[in-house]
Amino acid sequence: MQRSKRAIKWGNVMNELVKGFNQVYFILSEILKDKVIF
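Positions 313 to 350 (our numbering) are the ones given, in order, by the sequence shown.
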């Protein structure tokens, strides 16, 4: 029981990290788009 709870908690942490990373990546790509034409 404890183990699955911890796994779920880790899953949530990883989800938050991925969401945050995606947000940062999106913002960076928007900034780069203004400066650099791909």
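For glycine and all other residues, C-beta sits at the position ideal for the given N, C-alpha and C.
Quick check on DSSP: helix, strand or coil for residue i?
i	result
residue 325	helix
residue 330	helix
residue 348	coil
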